[in-house]
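In my numbering, the protein residues as written are 33 to 286.
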């Protein structure tokens, strides 16, 4: 079996496990859609002076939440669980190379992120009148690739500091939830103190959210290339990859 066949087989297996995990499916697929419904119900969906619907402002943040849930959160929790249950240790005894297995986690995370992008955009367009700027589709694809890859690497890196399966959800949410609020995912940047915004610019979620916002800007006439945001995502992804390569464990901590 070639490396490509091994990767494809492992990705299909990872996606199958994801579909059979009700908790992962709910928090990754259902929860972002629920937030879209809740936000539009609370804040309304009137037409702004610019002609765009209010929901257009929420969609990039909801999409950011979906990507981070599909990659960082999902990998940090599931990989810790597999490690502590001895699944990763047994996996090392199979013919699949470790690098192929790790790469498959990133590819599966991107596939789920792409699916969530389609779902959120379609539901936003059909139900709430959200319009995607077609001219910015190339930028959106690059943001998805870079964002999903970087956040997946950070999810694998986080397993190095999670001590047990029971602690995985608590540690992951304790890190990610504050970043959601300060990065403009739940609260508009205009309503956040300047010093908090300055702090949030250090972290990748802020830049993922800002890069996605450009794809839904109805005033752009051509493709936008948020290079500064992509650079920050690339730096964080590289950092996560280095940490994962150095400290990722295949055997239980116990």
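Every residue gets a Cβ at the ideal spot worked out from N, C-alpha and C, and that includes glycine.
What you are looking at is a predicted structure, and each value in this text was computed from that prediction instead of being measured.
For this session: Please state if the CB of residue 74 and the CB of residue 183 are separated by a distance shorter than 8 Å.
Result: For the purposes of this step, residue 183 is taken as residue 151 along the chain shown, with counting starting at 1. For the purposes of this step, residue 74 is taken as residue 42 along the chain shown, with counting starting at 1. Against a cut-off of 8 Å, the Cβ pair of residue 74 and residue 183 comes out as no contact.
Exercise. Between 203, 173, 202, which lies nearest to residue 246 when the distance is taken from Cα to Cα?
Worked result: Against the chain shown, residue 246 aligns to sequence position 214. Ranking 203, 173, 202 by Cα distance to residue 246 puts 173 first.
Exercise. With distances taken from CA atoms, which of 36, 143, 260, 54 is nearest residue 171?
Worked result: Counted from its first residue, the chain shown places residue 171 at position 139. Answer by Cα proximity: 260.
Exercise. So, using beta-carbon positions, are residue 104 and residue 216 closer together than 8 Å?
Worked result: By 1-based counting over the chain shown, the position of residue 104 is 72. By 1-based counting over the chain shown, the position of residue 216 is 184. Going by C-beta atoms, residue 104 is not nearer than 8 Å to residue 216.
Exercise. Where does residue 241 land, buried or exposed, given buried means 16+ other C-beta within 10 angstroms?
Worked result: The residue labelled residue 241 in the question sits at position 209 within the chain shown. Result: buried.
Exercise. What is the DSSP secondary structure of residue 221, reduced to helix, strand or coil?
Worked result: The residue given as residue 221 occupies position 189 in the chain shown. Looking at residue 221 - three-state DSSP - the assignment turns out to be helix.
Exercise. Whose C-beta lies closer than 8 Å to the C-beta of residue 256 among residues of the same chain, with five residues either side of it excluded?
Worked result: Taking the chain shown and counting its residues from 1, one reaches residue 256 at position 224. Cβ within range, chain order: 168, 171, 246, 247, 249.
For this session: Return helix, strand or coil for residue 78, following the three-state DSSP convention.
Result: If you number the chain shown from 1, residue 78 lands on position 46. Coil.
For this session: Locate the alpha helix (DSSP H) running through residue 242, then write down its first and last residues.
Result: Sequence index remark: in the chain shown, residue 242 carries index 210 (1-based). Looking at the DSSP string, the run of the alpha helix (DSSP H) that includes residue 242 is 236-247.
Problem set entry | Backbone CA spacing between residue 210 and residue 224 [nearest angstrom] | Counting from 1 along the chain shown, the entry for residue 210 is found at position 178. Counting from 1 along the chain shown, the entry for residue 224 is found at position 192. Taking the straight line from one Cα to the other gives about 13 Å.
Exercise. Which residue or residues does DSSP assign as beta-bridge partners of residue 85?
Worked result: For the purposes of this step, residue 85 is taken as the residue at position 53 of the chain shown. Bridge partners of residue 85: 79.
Exercise. Nearest to residue 108 by CA position, among 134, 95, 127, is which residue?
Worked result: Walking along the chain shown from the start, residue 108 turns up at place 76. Taking only the C-alpha atoms, the option nearest residue 108 is 134.
Problem set entry | Cβ contact check for the segment 89-96 and the segment 140-156: 3 or more pairs under 8 Å | yes
Exercise. In chain order, what residues of the same chain have a beta carbon less than 6 Å from the beta carbon of residue 258, not counting five sequence neighbours either side?
Worked result: As a first step, residue 258 must be located in the chain shown, where it is residue number 226. Cβ within range, chain order: 243, 246.
For this session: Inspect the beta-carbon positions of residue 111 and residue 191 and report whether they are closer than 8 Å.
Result: As a working mapping, residue 111 is identified with position 79 in the chain shown. As a working mapping, residue 191 is identified with position 159 in the chain shown. It is a contact, given that the beta carbons lie within the stated cut-off.
For this session: Would you mind giving the Cβ-Cβ distance between residue 60 and residue 152, rounded to the nearest angstrom? I have them listed as a contact below 8 Å.
Result: Your numbering for residue 60 matches position 28 in the chain shown. Your numbering for residue 152 matches position 120 in the chain shown. Not really, about 12 Å apart at Cβ, beyond 8 Å.
Exercise. Given that a residue counts as buried once 16 or more other Cβ atoms are within 10 Å of its Cβ, and exposed if not, what is residue 52?
Worked result: As a working mapping, residue 52 is identified with position 20 in the chain shown. That one is exposed.
Exercise. Whole-angstrom Cβ separation of residue 77 and residue 212, contact assumed at under 8 Å?
Worked result: Reading the chain shown from its first residue, position 45 is the one you call residue 77. Reading the chain shown from its first residue, position 180 is the one you call residue 212. Their Cβ separation, rounded to whole angstroms, is 22 Å, which puts residue 77 and residue 212 out of contact at 8 Å.
Exercise. How should residue 277 be labelled, buried or exposed, when 16 other C-beta atoms within 10 angstroms of its C-beta is the threshold for buried?
Worked result: Locating residue 277 in the chain shown gives position 245, counting from the first residue. Answer is exposed; the Cβ neighbour count stays below 16.
Exercise. Exposed or buried, what is residue 198 when buried is set at 16 or more other beta-carbons lying within 10 Å of its beta-carbon?
Worked result: The residue labelled residue 198 in the question sits at position 166 within the chain shown. Residue 198 is exposed by the Cβ-count criterion.
Problem set entry | Straight-line gap, residue 157 to residue 136 (C-alpha atoms, nearest Å) | In the chain shown, counting from the first residue as 1, residue 157 sits at position 125. In the chain shown, counting from the first residue as 1, residue 136 sits at position 104. Cα-Cα distance, rounded: 31 Å.
Exercise. Going by other Cβ atoms of all chains shown within 10 Å of its Cβ, with 16 needed for buried, is residue 175 buried or exposed?
Worked result: In the chain shown, the residue the question calls residue 175 occupies position 143. Classification for residue 175: buried.
Exercise. Residue 164 to residue 185, Cα distance in whole Å?
Worked result: One-based indexing of the chain shown puts residue 164 at position 132. One-based indexing of the chain shown puts residue 185 at position 153. Roughly 28 Å between the two C-alpha positions.
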